[in-house]
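Worksheet: one structure, shown below.
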Amino acid sequence: MPPTHPALQFSYPLPYGAIVHEGGVQFNVFSRSATAMRLLLYNKVNDRDPADIIPFDREINRWGDIWTVFVPGLNPGQLYHFQADGPYDPSHGHRFDPNARLIDPYARALAGHYLPSHDGIVRPPKCVVMEEKFDWQGDRHLRRNLSESVIYEMHVRGFTRGRSSGVKHPGTYLGVIDKIPYLKSLGVTAVELMPVHEFPTNDCNGRKSQRPNYWGYDSMAFFSPHRGYAASREPGAQCREFKEMVRALHSAGIEVILDVVFNHTCEGNHLGPTIGFKGLENSVYYMLEADGSYKNYSGCGNTVNGNHPIVREMIFHCLRHWVYNYHIDGFRFDLASILSRDRRGHILPNPPMVDLIAEDPMLADAKIIAEAWDAAGAYQVGSFSNRRWAEWNGRYRDDIRRFWRGEAGMLGSVATRLAGSSDLYQSSGRRPYHSINFVVSHDGFSMNDLVTYEQKHNEANGEGNRDGDNHNCSSNYGVEGPTRRKPIEKLRLRQIKNMLATLMLSQGVPMILAGDECRRTQKGNNNAYCQDNPISWFDWSLVKKEEDLLRFTRELIAFRRQQPTVRRADFLSGRPGRGQRLADVSWFSADGKEIHWETQRSLICVFGAIGPDNPISRHVMVMLHAGQQP
13 MPPTHPALQF
23 SYPLPYGAIV
33 HEGGVQFNVF
43 SRSATAMRLL
53 LYNKVNDRDP
63 ADIIPFDREI
73 NRWGDIWTVF
83 VPGLNPGQLY
93 HFQADGPYDP
103 SHGHRFDPNA
113 RLIDPYARAL
123 AGHYLPSHDG
133 IVRPPKCVVM
143 EEKFDWQGDR
153 HLRRNLSESV
163 IYEMHVRGFT
173 RGRSSGVKHP
183 GTYLGVIDKI
193 PYLKSLGVTA
203 VELMPVHEFP
213 TNDCNGRKSQ
223 RPNYWGYDSM
233 AFFSPHRGYA
243 ASREPGAQCR
253 EFKEMVRALH
263 SAGIEVILDV
273 VFNHTCEGNH
283 LGPTIGFKGL
293 ENSVYYMLEA
303 DGSYKNYSGC
313 GNTVNGNHPI
323 VREMIFHCLR
333 HWVYNYHIDG
343 FRFDLASILS
353 RDRRGHILPN
363 PPMVDLIAED
373 PMLADAKIIA
383 EAWDAAGAYQ
393 VGSFSNRRWA
403 EWNGRYRDDI
413 RRFWRGEAGM
423 LGSVATRLAG
433 SSDLYQSSGR
443 RPYHSINFVV
453 SHDGFSMNDL
463 VTYEQKHNEA
473 NGEGNRDGDN
483 HNCSSNYGVE
493 GPTRRKPIEK
503 LRLRQIKNML
513 ATLMLSQGVP
523 MILAGDECRR
533 TQKGNNNAYC
543 QDNPISWFDW
553 SLVKKEEDLL
563 RFTRELIAFR
573 RQQPTVRRAD
583 FLSGRPGRGQ
593 RLADVSWFSA
603 DGKEIHWETQ
613 RSLICVFGAI
623 GPDNPISRHV
633 MVMLHAGQQP
């Protein structure tokens, strides 16, 4: 029999989650269809069963659809789950399971692992009662203009996990701190961290997976930093260490942008586990078909119902939480087009969630970046929102790759991308800096592999090389994979430099993938989501081996940051600016004459200086030649 607990009290039904008050903790959770709710309390992270079970009194501990109870005597560090009774009727959207241990959607931290199960009950990591106490030492958001940014996409674990990193705590938030001098010397202004929200690394039944969830695009607790990146095993330590990392990056002048995944969760489809949202209110948190099955616009089994008011409120609270409690400078929204879909899955012209994020006063200084497509065919690059949203510019990626691969007829497209993609952003009132320019990202080949492989080589993923994109616009220049043939290696290095130079000299905001500055390779794997090994890890020996390319990249970044001519806030007009004789942009063929856009493969672009209001601005000439002959 569970032990008798001191008299329970009622306090406040908001905010959601576990809130520390004087003398105890308030627990608040939403469920519209539950017939009963229980709070499970644990003493240790590896406890299979709760030490105490506290039922919510339906008459006293329920306000509308919010179940709330104050438990005196509890303190920060307390471990807990929720448990809910209710109908199990999948055809009508209900999947309640009275035995399921449920993660609090608003949990500030998780602790422990999925425990082995022999009775059919999934035992997920425990939620941790947390207090948001931390000495920020005066730290605030850096508030750097987006137009002045140089973004570095990286994976927290992969950045220092390899033995060559030489850090004290490899693969952790603290490991990133040790490498800040490198980031600062490179010159980047922001790191864009691949998912750090809590996600399951291995099997939900406590078994180690042969294909671990390395990337982390499978969230299960949006308010909590991933515990696997903490050096300490103490429950909740990940919160402190994450804040230490942010504080140290800010001290070095580097902003922190989070890659957030509000399009699906790790609960999967009807075959997936019930560990949180499914067991609290499945039909609210997920988009469902008329028969109760899951809509799958994410390609991952389910789709978060982002424009339902309850879910919209949760996402809104979550973003504010990261900005206020963790001093996060911005967000990149994975498969953001899903946020444009209504509850039935239709694309909305003015999605409430998208507008809310753009207009929220607490997010006013935060950078908001959309991956403006989804896995069901929506492609909104250039049309995601006419407000302050920036976008990963997939058109830029494809056009620059195709031009440098030597495809004919690309001159006009590459000129448009070089000049800031006005075809995509000008008509909606946005600016060049709303284009996040990139040639490669985590999703696909690395820069080195883009010039080394024509075909993907994903055999290590265990899916028969069927996974990953087949449309890579890559070239191996004569040999598939590494080679000792010096002419081919010389050409590959030149092509890497060509693409890096194009990226850093284009109007818009450049983003590079960690390791591209020193030829990091994934051995042809263009979908390394499950490769927690040297295929994905940063090889720090390359910093010395490829020091020429690293120096080249540093100097490109330094030039960009020093020269406002290549990072304008306004689109180019082809006319001279105020007080200037030279047009803000001019185009010429290789011999300096009129250009023939359809037939030539060489281009001279001259960006004119901005004008007397910006005395450090200079004329900049960019020469591009993608032909085979010098």
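Throughout the sequence shown, residue numbering follows the numbering used here, covering 13 to 642 in sequence. Note that the Cβ used here is the ideal one computed from N, Cα and C, for glycine as well. Only a predicted model underlies this, so the values are computations on that prediction, with no experimental measurement involved.
Query	Result
Span of the beta strand (DSSP E) around MET49	48-54
Inter-residue CB distance, ASN304 and GLY105 (contact presumed, cutoff 8 Å)	According to the sequence as given, residue 304 is Gly; it is not Asn. With a Cβ gap of about 5 Å, GLY304 and GLY105 count as contacting.
Residues bridged to SER453 (per DSSP)	BP columns for SER453 are empty, so no partner.
Buried or exposed (CB count within 10 angstroms, at least 16 for buried), TYR126	buried
Per-residue burial, TRP416 [other beta carbons within 10 Å of its own, 16 or more giving buried]	buried
From MET326, ARG429, ARG409, ILE381, residue whose alpha carbon lies closest to that of ARG399	ILE381
Candidates LEU584, THR47, SER45, GLU34, of which the one nearest SER434 by Cα	LEU584
Where LEU270 falls: helix, strand or coil (DSSP)	strand
Nearest-angstrom Cα separation, counted from ARG113 out to PRO27	22 Å
Helix, strand or coil at LEU594 according to DSSP, with G and I counted as helix	coil
PRO88 - DSSP class collapsed to helix/strand/coil	coil
HIS358 classed as buried or exposed, judged by whether at least 16 other C-beta atoms fall within 10 angstroms	exposed
In DSSP terms, what SER447 is bridged to	GLU403
Counted within 10 angstroms of its Cβ, other Cβ atoms place PRO14 as buried (16 or more) or exposed	With a pLDDT of 48 at PRO14, under the threshold of 50, the predicted position of this residue should be treated as unreliable, though the coordinate-derived value follows. PRO14 should be labelled exposed.
One or two residues paired with ALA233 in a DSSP bridge	GLU210
Selection from GLY178, MET299, PRO136, ARG155 that minimises the alpha carbon distance to MET232	PRO136
Under the three-state DSSP convention, the category VAL335 falls into	helix
Rounded C-alpha distance that separates ASP9 from ASP190	The chain is shown only over 13 to 642; residue 9 falls outside these bounds and no answer can be derived.
Local Cβ density within 10 Å of MET365, reported as buried at 16 or more and exposed below that	buried
Expected contact under 8 Å - CB spacing of SER486 and GLU501 to nearest Å	So it is not a contact: roughly 16 Å between Cβ atoms.
Sequence ranges, beta strand (DSSP E) only - wholly within the stretch 80-149, length at least 3	91-97, 138-140
Residues bridged to PRO67 (per DSSP)	ARG50
Among GLY604, ASN55, LEU512, ASP544, nearest to THR565 - alpha-carbon criterion	LEU512
Closest residue to GLU267 among ASN157, ALA121, ALA602 (Cα-Cα distance)	ASN157
Close beta carbons around ASN482, own chain, < 8 Å, minus the five adjacent residues each side	LYS468
Those residues which DSSP pairs with ILE31 across a bridge	GLN38
Assumed close pair ARG579, ARG572 - CB separation to whole angstroms, cut-off 8 Å	6 Å
Nearest candidate by alpha-carbon position, reference ARG60, set PRO285, PRO128, TYR541, THR172	PRO128
Near the ligand COA: LEU53 beta-carbon under 6 Å from a heavy atom	The model depicted lacks the ligand COA and carries no ligand whatsoever.
With 16 other Cβ atoms within 10 Å as the buried cut-off, status of TRP75	exposed
For ARG496, the three-state DSSP class (helix, strand or coil)	coil
Bounding residues of the beta strand (DSSP E) (the contiguous stretch that carries GLU165)	163-166
Backbone secondary structure at HIS637 - three-state DSSP	strand
Secondary structure, alpha helix (DSSP H): runs of 4+ residues fully inside the stretch 237-311	249-263, 289-297
First and last residue of the uninterrupted beta strand (DSSP E) at LYS379	379-382
Meets three-Cβ-pair contact criterion under 8 Å: the stretch 243-253 and the stretch 265-284	no
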